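Peer 1:
Numbering (the numbering used here), first residue to last: 36 to 478.
And the structure:
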């Protein structure tokens, strides 16, 4: 919880539980949002003294983490943080003497000094002192086991010096708190956080995520991270995650693995999930067949406009895939029966709900062929102002759809995801920031 606000950083000390800050919007004095809080940076100190809060890690566009000194924060509310307007946009890089609270402290296993019971860290609270410093003064913990059923799972808040075991950040740290702190983030934003974590912590987070969430995050990660995470999972779990991924993304990932590992994972996948992935792997890279997804929105000719609109309202559907539906004779799973044409969602919005899609289908546009090159696909989409195109074989069966995001993914340099995640502005150093961070662990 956030137990109060800090109007202009004046008034009595205020206690703020740090996990609740994750994702909170950060505003400048004019009221413009500049980013969101991703973590809090502290410096551990000797002799059991409470850690000193150095600042916040704020994510600004385009998904770049920057450091905001705590001395520049003027207001902390339950749903917003305001700072004085000065922000160094140089990319944040954690130093060895610094600790990230959310990424490295939550879920740690520590011990109570009184009795030596092992407890799990649920949250930590920072408190403002009379000297205007912020210190981590409280730790919220939960007992995993205890002496008797009444104490099992007990939660309590204790002083910082009442626990021990924070010196080794990697020891006994789970991932549930980190997952909870970022549960509302978009997959691309969570992928950026995961990318920044140490390998051990990255694996812990991957294990803690459910299959669907991990699949979404993997699709947004650079190739090296994908391979590393998949390789660190139990093989059965890896197969489950591949099943939850889009067939095209699963095929791209499997295509980077050694043949033996690829075949083992495909064998462990459910046959109905492995079959479209195998088909995609049979096509050459940088062709329409290799780029397409096998799960576009497909309806039979007797479907009504109302029924079709209901399908594209699915919030989990890729916006590019939702931009049009493909009308095919049964079966409607790829490869389908005869492909009849495309209906764009704008046309659906203009027609009465009981109308049949067969009466408004666009059959004049020639579909893509699976052997068409990446460049030819890009020119096709650009020529006709499309965000996706149907891929049809020589016998008139719909095989899948190529979306503009996959085309861009392959037209951009291979390391474009790393470039987005690691881009840093060339900005001169900030004396105030250096003074604050240079003194960590010494006060």
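All C-beta atoms in this analysis are idealised placements derived from N, C-alpha and C, irrespective of residue type, glycine included.
Please read these numbers as outputs of a predicted model, since none were measured by experiment.
(1) For residue 138, which three-state DSSP category applies?
(2) DSSP has residue 161 in a bridge; who is on the other side?
(3) So, is residue 143 buried or exposed, given that buried needs 16 or more other C-beta atoms within 10 angstroms?
(4) What's the gap between the Cα of residue 154 and the Cα of residue 210?
(5) Looking at C-beta atoms only, is the number of pairs between the segment 74–86 and the segment 132–150 that lie closer than 8 Å three or more?
(6) If you reduce the DSSP assignment to three classes, tell me which class residue 348 lands in.
(7) Under a Cβ-count criterion, where at least 16 other Cβ atoms within 10 Å of its own Cβ denotes burial, should residue 227 be classed as buried or exposed?
(8) Just the C-alpha distance for residue 151 and residue 268, rounded to the nearest angstrom, thanks.
(9) Determine the closest residue to residue 486 out of 114, 113, 91 and 251, with distance taken between C-alpha atoms.
(10) Are the segment 335–347 and the segment 309–319 touching, with three or more C-beta to C-beta distances below 8 Å?
(11) Quick one: using the 10 Å Cβ neighbour count with 16 as the cut-off for buried, is residue 302 buried or exposed?
(12) Can you list, in chain order, the residues of its chain whose CB lies under 8 Å from that of residue 203, leaving out five sequence neighbours each side?
(13) Does residue 251 pass the burial test, meaning 16 or more other C-beta atoms within 10 Å, or should it be called exposed?
(14) What residue does the beta strand (DSSP E) around residue 104 start on, and which one ends it?
(15) Which partner residues does residue 91 have in the DSSP bridge list?
(16) Residues in the same chain with beta-carbon distance under 7 Å from residue 261, minus the five sequence neighbours each way, listed in chain order, please.
(17) Quick check on residue 120: buried or exposed, where buried means 16 or more other Cβ atoms within 10 Å of its Cβ?
(18) Using a Cβ-Cβ cutoff of less than 6 Å, which residues in the same chain neighbour residue 340 once the five nearest sequence positions on both sides are dropped?
(19) With a floor of 4 residues, list each alpha helix (DSSP H) that falls wholly inside the segment 296–321, ordered by position along the chain.
(20) Would residue 397 count as contacting chain D if we go by Cβ distances under 8 Å?
(21) Checking 8 Å against the spacing of the C-beta atoms, do residue 446 and residue 421 come in under that value?
(22) Need the endpoints of the alpha helix (DSSP H) that residue 260 sits in, please.
(23) Are there 16 or more other CB atoms within 10 angstroms of the CB of residue 270, so buried, or fewer, so exposed?
(24) For residue 166, count neighbouring C-beta atoms within 10 Å of its own C-beta (all shown protein chains included) and say buried if the count is 16 or more, exposed if not.
(25) Are there 16 or more other CB atoms within 10 angstroms of the CB of residue 70, so buried, or fewer, so exposed?
(26) Starting from the C-beta of residue 175, find all residues in its chain whose C-beta is less than 6 Å away, skip the five residues before and the five after it, and write them out in chain order.
(27) Unbroken alpha helix (DSSP H) runs of length 4 or more, entirely within the segment 395–429: which are they?
(28) Classify residue 97 as buried or exposed, calling it buried when 16 or more other Cβ atoms lie within 10 Å of its own Cβ.
Peer 2: Looking at the coordinates:
(1) helix
(2) 51 and 171
(3) buried
(4) 15 Å
(5) yes
(6) coil
(7) buried
(8) 33 Å
(9) Residue 486 cannot be examined here, being either before or after the span of the chain that is shown, 36 to 478.
(10) no
(11) exposed
(12) At residue 203 the pLDDT is 47, less than 50, meaning the model places this residue with poor confidence; the figure from the coordinates comes in the next sentence. Hits under 8 Å: none found.
(13) buried
(14) 99–104
(15) 75 and 103
(16) 253 and 288
(17) exposed
(18) 383, 386, 388 and 390
(19) 306–316
(20) In the structure shown, chain D does not exist; there is a single protein chain.
(21) no
(22) 258–267
(23) exposed
(24) exposed
(25) buried
(26) 157, 158 and 192
(27) 409–418
(28) exposed
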